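Here the sequence shown stands for residues 0 to 341, where the numbers follow numbering that gives the first Met the number 0. Please read the structure below before turning to the comments.
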Amino acid sequence: MNEDFLIGTYTSKTSKGMYAVTLNHNHQQLENVRLVAASQKPAYLQQVGDRVFAIKQDGDLGGVASYQLKDGQAELIDQKLGAGAPPAYVGYDQDRQLLYSANYHKGTVTVFKVASDGTLTQTDEVTHQGECGPKPEQDAPHAHYADLTPDKRLAVCDLGMDLVVVYDVSEDGKLTQASRYQSKAGFGTRHLVFHPNGKVAYVLGELSSKLEVLKYDAETSSFSHVQTVATIPADWTAHNGAAAIHISSDGKFVYSSNRGENTLAVFAVNDDLTLSHIQSITTAGDFPRDFELSQDETFLVASNQNGDNLTLYARDATTGQLTLLQQDVACPEPVCVKQWVK
């Protein structure tokens, strides 16, 4: 059995754009890293059917693009670019056919309507304003994540403001703020995932290297704090930036990456949905930004941005723990890993 993954990259060194890699389940190895779309800085991706939505840069312009997947390649359909840096994240709304982008540098959240042919039309944009955190990286609002809650609202993580903002979304793609959750100053809110029950979210703090467990109340569309846990050891004193967070489909294990310690941290989900740290394992590379479980969740593929390599693990579904299978799989500047579901 073979399975493909799409790899988003930076293009500041040798990378040419969006790549793919094949996971050979029988041989338990990654094979055939290849370019599928030439593009500048497709650093985050979302694949939906035969389409890929990605971050895109063109010189001094940045924005989002849509691609058609065909014959093993991704062909550009449309792009919406504006002056300034590109976004950090794109999220997709299947029901309303909307694309969301979070722009770290501008502190903006932008919404696009996706037509049946894949073309994009902007429907709204909000700019975060307000008091920011105490750390040097928190000089301004920095929207870092924009994706759906289980009840189809939009949750936005703002690293600069230590904030999770929830928006109501209209059918025509307009945003209305519904609630704000404030983390501890300096937390550096980056990404979040929801438990399959839809009642709990796990929020990753990049600057604090911590995870918050939050209860989500759908009636009020608001979060409340339950627990905070560290992603790195208490005696770790060198720089670290937490990066990606994912949860197994059964809701029993949460995974996060550490850029600095260069590890994946594994947490067991307790009966009360709090977390217990059970493993930290090397990524066998430098600056692990993202990772992804295979479709059957028996493997995990991690990307090391500064190491220019991918790492493969076996995953034990019972214990949640990872075993290193393969390292040093050459891939230029990998920063996003997504299943290529066919």
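Ideal Cβ positions, reconstructed from N, Cα and C, are used throughout, including at glycine. These numbers come from a predicted model, not from an experiment.
Query                                                                                                                                                               : Result
As a quick exercise: from D49, L309 and M17, pick the residue whose alpha carbon is nearest that of S115.                                                           : D49
Measuring straight from C-alpha to C-alpha, what distance separates P41 and M160?                                                                                   : 25 Å
Taking Cβ to Cβ, would you say P85 is nearer than 8 Å to G58?                                                                                                       : no
Among the candidates L75, T107 and N257, whose CA atom is the shortest distance from the CA of V89?                                                                 : T107
The beta strand (DSSP E) that contains G62, what's its start and end?                                                                                               : L60 to K69
State whether the segment 302 to 316 contacts the segment 229 to 241, with contact taken as three or more CB pairs (one from each stretch) at a distance under 8 Å. : no
Can you check DSSP and say which residues form a bridge with C156?                                                                                                  : Y144 and V163
Alpha carbon to alpha carbon, how far is T95 from D171?                                                                                                             : Thr is not the amino acid found at residue 95; the sequence shown has Arg there. Going from the Cα of R95 to the Cα of D171 covers about 8 Å.
Look at the Cβ atom of V51, then the Cβ atom of L309, and state whether they are nearer than 8 Å.                                                                   : no
By Cβ distance, which residues of its chain are closer than 7 Å to L80, with the 5 residues on each side in sequence left out?                                      : K55, D57, L60, G61 and G62
Exposed or buried, what is D289 when buried is set at 16 or more other beta-carbons lying within 10 Å of its beta-carbon?                                           : buried
Tell me the rounded alpha-carbon separation between L274 and V202.                                                                                                  : 12 Å
Which partner residues does Q176 have in the DSSP bridge list?                                                                                                      : Y166
For the beta strand (DSSP E) that H276 lies in, which residues bound it at each end?                                                                                : L274 to T281
Short check: CB of H194 to CB of C156, under 8 Å?                                                                                                                   : no
Within 10 angstroms of the Cβ of P135, are there 16 or more other Cβ atoms? Answer buried if so, exposed if not.                                                    : exposed
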